[in-house]
Amino acid sequence: MILIAFFIILKEQIEDRFFQELIKKRQNNNSDGVGPPVKLFIYIQMLWYMAPLLFSIAIKTTKRWVKTEAERKEATNYKLKSELQHLHYQLQPHFFFNSLNNIYSLVDISPEQAKTSIHSLSKLMRYMLYETNLELVPLSKEIDFLKKYIDLMKLRVSDKTEVYDSFPLETSGIQIAPLLFISLIENAFKHGVSASKENHINITMTCDKKTVLFIIENDNFPKKTDDKSGSGIGLKNLEKRLQLLYTNKHVFKTTLQDNRFLVYLKIETA
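Written out as structure tokens, the structure reads:
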């Protein structure tokens, strides 16, 4: 509309100027000198008649670009959701089978603890199956889930393992993608526990407004090369999900120093 108005005004101004010059020349009866801008007048007339066509082409081109861009974004979002869904479904059986392995090790040692563990696992699986299908969940629910999982894992460790955990009491309504921290805790109990040596696992979470900081420190007891328990799926899954969900909004680091393994995960949730 602005473009059409511009051409209308320009056309009227050129025509007024053209006829003013023409009248002036006739009044002065002067056939010499430079005449009115005839060529410019003709060009403007041609441009005026071409304006609707050019405007129509511009509109169609813009619509086509907008449609193409929308389709591209839709395809990208669909691919992202599909990949995240795949990672989510991959994590559930991984978690379930690892937990069953842990419970199986208790059956002969302590049948009562094994029963308690199965009951606890059923609660954890209920959360994973029915409450983690959303893109975001309250951080408070994730914390409750992590605490229950830690309690479950404590049942299978010996008195030589000391587990310390600290979680915020107030989460300020923070929403976060589900099941981001469970693999880190699972990894700590897998590689940081010994039945013959004193060992410690420290799990700490803090949050400030929209930032969540999660740190785990544990002793390191490397597994044998033929030990395929867990097979590293959990951590690989986590790294991919962080890259997709919190691009340029997270810091994930692991370090090994003095036989202590440290995990640092910082997430900007908004």
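841 is the number of the first residue of the sequence shown in the numbering used here; add one for each residue after it. Glycine included, C-beta positions come from ideal geometry on N, C-alpha and C. None of these values were measured; they are calculated from a predicted model.
- If you check the CB distance, residue 1028 and residue 1041 come in under 8 Å.
- In the same chain as residue 1005, and ignoring 5 residues on each side of it, the C-beta atoms closer than 6 Å to its own belong to 990 and 1043, in chain order.
- Taking residue 1078 as the centre and dropping the five residues before and after it, the same chain places the C-beta of 1023 closer than 6 Å to its C-beta, in chain order.
- Counting along the chain, no alpha helix (DSSP H) covers residue 999, and no H or E run does either.
- Contact check for residue 1052 and residue 979: beta-carbon distance about 7 Å, within the 8 Å limit, so the pair qualifies.
- Following the DSSP letters along the chain, one finds residue 1079 in no beta strand (DSSP E) but inside the alpha helix (DSSP H) bounded by residues 1073 to 1085.
- For residue 956, the uninterrupted alpha helix (DSSP H) segment begins and ends at 951 to 970.
- 8 Å or more divides the Cβ of residue 996 from the Cβ of residue 1057.
- Counting only residues of its own chain and dropping the five nearest sequence neighbours on each side, residue 1060 has a CB closer than 8 Å to the CB of 1031, 1032, 1096, 1099, 1100 and 1101.
- In this structure, 1035 is the residue among 966, 975, 974 and 1035 with its C-alpha nearest to the C-alpha of residue 994.
- The residue from 944, 985, 1047 and 898 with its alpha-carbon nearest to that of residue 971 is 985.
- The residue among 1021, 1047 and 1026 with its C-alpha nearest the C-alpha of residue 1082 is 1021.
- Taking 8 Å as the cut-off, the beta carbon of residue 1000 is found no closer than this to the beta carbon of residue 1026.
- Residue 1089 and residue 1018 have their C-alpha atoms roughly 16 Å apart.
- Sequence-distant partners of residue 947 (beyond 5 residues in either direction) whose C-beta falls short of 6 Å from its own C-beta, in its chain, are 954.
- Within the same chain, 985 come within 7 Å of residue 967 by CB-CB distance, once the 5 residues on both sides are set aside.
- Annotation for residue 979: the continuous alpha helix (DSSP H) segment containing it runs 979 to 994.
- Secondary structure of residue 906 (DSSP, three-state): helix.
- Judged by DSSP in its simplified three-state form, residue 974 adopts coil rather than helix or strand.
- When the beta-carbon positions are compared, residue 940 and residue 964 stay at least 8 Å from each other.
- Rounded to the nearest angstrom, the gap between the Cα atoms of residue 909 and residue 902 is 10 Å.
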